[in-house]
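Numbering (the working numbering), first residue to last: 1 to 368.
Report on the following structure.
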């Protein structure tokens, strides 16, 4: 198996060269400090993956405004008080030989009153599909512009902290996706679903504001969930139309979020629909695309490259084995850790304490 292709560099529009095609997917570990700053434990965890050969490290979701705080001990980029921790993380990753991206996030209806001290803000007073979120209230026009500005200020903060770029979290049912989705956006004003232009307005204004804040030469990535499962959600075809607005406005990289790479989720589309490849082939102008979804073996990653996908994001496997990239480069794939079955194995994982508690609860307590 020739894995050399995974270790080829990639130029991003003349703005940045990624050292290889391996990306650490953003994964929330609920391991920040209580004030939202990056903890030593989280910084060490991310830096270790950079030292082991992962080319691009994307931080866990970092809330850009206090109203967007969605998880216990979530990290934030909402205030200059966060700059010391942000700077230390960016410096550590960059010195380790990787490039560093800060993922900028707002939870929308996923935010919790316990963290934000008020009812969550969202496009409309609609809970998430599972009904597990708190009932949000519809954002006012002024609040919409406050959050657009918050995204821009957070991106500027990331640039000042020394991050190589930023990723805007427009996926996984959070605020940017909530505005785009006809399920969660039921407004009747110019930010609502009356037209495709209205549904995409918030996403487009965020990208434009971020680009203005960071200038023309700073890399900006955008993460999307390519489709929503039910017919009243949006489709991959609509996502392509969205991206064909966002890329000319300043997006340099598209990150397609999926649980299993290559699998669609809609029942009303052909079974062989391949959302990530569809997006890669249809974006105009063409930009690099990150694919993700249950990649554990280098064979899986190479198949993505065969599909024309430019970058491969790894999630769960980098929790289990911080040295995945180094082992693949050395040809030592037999020693890659792909699962755990004991407390001893859990303690050997180079992950934050809170993440170990999560794995203990959901993996060790529920063995397959």
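Note that CB positions come from ideal geometry on N, CA and C, so glycine has one too.
Determine the closest residue to residue i out of the options, with distance taken between C-alpha atoms.
{"i": "residue 105", "options": "36, 5, 89, 93", "result": "36"}
{"i": "residue 59", "options": "81, 34, 79, 88", "result": "88"}
{"i": "residue 206", "options": "24, 170, 362, 323", "result": "170"}
{"i": "residue 179", "options": "233, 211, 217", "result": "233"}
{"i": "residue 91", "options": "51, 109, 181", "result": "51"}
{"i": "residue 316", "options": "326, 335, 124, 340", "result": "340"}
{"i": "residue 136", "options": "209, 118, 81", "result": "118"}
{"i": "residue 218", "options": "161, 190, 299, 200", "result": "161"}
{"i": "residue 248", "options": "98, 203, 125, 265", "result": "203"}
{"i": "residue 86", "options": "163, 151, 53, 326", "result": "163"}
{"i": "residue 210", "options": "319, 152, 246, 195", "result": "152"}
{"i": "residue 216", "options": "15, 1, 361", "result": "15"}
{"i": "residue 115", "options": "148, 63, 83", "result": "63"}
{"i": "residue 342", "options": "326, 330, 359", "result": "359"}
{"i": "residue 61", "options": "312, 148, 172", "result": "172"}
{"i": "residue 208", "options": "277, 148, 194, 344", "result": "148"}
{"i": "residue 79", "options": "346, 113, 312, 38", "result": "38"}
{"i": "residue 138", "options": "1, 354, 95, 189", "result": "189"}
When the Cα atoms are used, what is the spatial distance from residue i to residue j?
{"i": "residue 12", "j": "residue 254", "result": "11 Å"}
{"i": "residue 70", "j": "residue 158", "result": "20 Å"}
{"i": "residue 321", "j": "residue 296", "result": "10 Å"}
{"i": "residue 40", "j": "residue 231", "result": "44 Å"}
{"i": "residue 291", "j": "residue 176", "result": "20 Å"}
{"i": "residue 76", "j": "residue 65", "result": "8 Å"}
{"i": "residue 17", "j": "residue 128", "result": "38 Å"}
{"i": "residue 323", "j": "residue 300", "result": "17 Å"}
{"i": "residue 196", "j": "residue 356", "result": "43 Å"}
{"i": "residue 283", "j": "residue 259", "result": "21 Å"}
{"i": "residue 198", "j": "residue 187", "result": "9 Å"}
{"i": "residue 263", "j": "residue 365", "result": "28 Å"}
{"i": "residue 191", "j": "residue 289", "result": "28 Å"}
{"i": "residue 333", "j": "residue 298", "result": "8 Å"}
{"i": "residue 307", "j": "residue 287", "result": "15 Å"}
{"i": "residue 242", "j": "residue 181", "result": "11 Å"}
{"i": "residue 7", "j": "residue 314", "result": "14 Å"}
{"i": "residue 150", "j": "residue 130", "result": "28 Å"}
{"i": "residue 84", "j": "residue 168", "result": "21 Å"}
{"i": "residue 272", "j": "residue 330", "result": "35 Å"}
{"i": "residue 227", "j": "residue 303", "result": "22 Å"}
{"i": "residue 126", "j": "residue 143", "result": "17 Å"}
{"i": "residue 326", "j": "residue 238", "result": "38 Å"}
{"i": "residue 338", "j": "residue 344", "result": "15 Å"}
{"i": "residue 336", "j": "residue 112", "result": "37 Å"}
Taking 7 Å as the threshold (C-beta atoms), are residue j and residue i in contact?
{"i": "residue 67", "j": "residue 121", "result": "yes"}
{"i": "residue 275", "j": "residue 236", "result": "yes"}
{"i": "residue 57", "j": "residue 22", "result": "no"}
{"i": "residue 110", "j": "residue 133", "result": "yes"}
{"i": "residue 24", "j": "residue 54", "result": "yes"}
{"i": "residue 3", "j": "residue 328", "result": "yes"}
{"i": "residue 265", "j": "residue 229", "result": "yes"}
{"i": "residue 19", "j": "residue 34", "result": "no"}
{"i": "residue 318", "j": "residue 49", "result": "yes"}
{"i": "residue 30", "j": "residue 73", "result": "yes"}
{"i": "residue 419", "j": "residue 213", "result": "The shown model of the chain, from 1 to 368, leaves out residue 419, and the question about it has no answer."}
{"i": "residue 293", "j": "residue 261", "result": "yes"}
{"i": "residue 174", "j": "residue 107", "result": "yes"}
{"i": "residue 245", "j": "residue 200", "result": "yes"}
{"i": "residue 101", "j": "residue 32", "result": "no"}
{"i": "residue 240", "j": "residue 279", "result": "yes"}
With which residues is residue i paired in a DSSP beta bridge?
{"i": "residue 320", "result": "None; residue 320 has no bridge partner."}
{"i": "residue 76", "result": "63"}
{"i": "residue 101", "result": "58, 165"}
{"i": "residue 17", "result": "11"}
{"i": "residue 24", "result": "57, 314"}
{"i": "residue 255", "result": "223, 290"}
{"i": "residue 121", "result": "137"}
{"i": "residue 170", "result": "224"}
Determine, using beta carbons only, whether residue i comes closer than 7 Å to chain D.
{"i": "residue 276", "result": "Absent here is chain D; the protein component of the structure consists of one chain."}
Is there contact here, the stretch 350-363 with the stretch 32-48, by at least three beta-carbon pairs under 8 Å?
The stretch 350-363 makes contact with the stretch 32-48: 3 or more CB pairs, one atom from each, lie closer than 8 Å.
Flag this pair as touching only if the stretch 217-226 and the stretch 240-255 have three or more C-beta atom pairs under 8 Å; answer yes or no.
The stretch 217-226 makes contact with the stretch 240-255: 3 or more CB pairs, one atom from each, lie closer than 8 Å.
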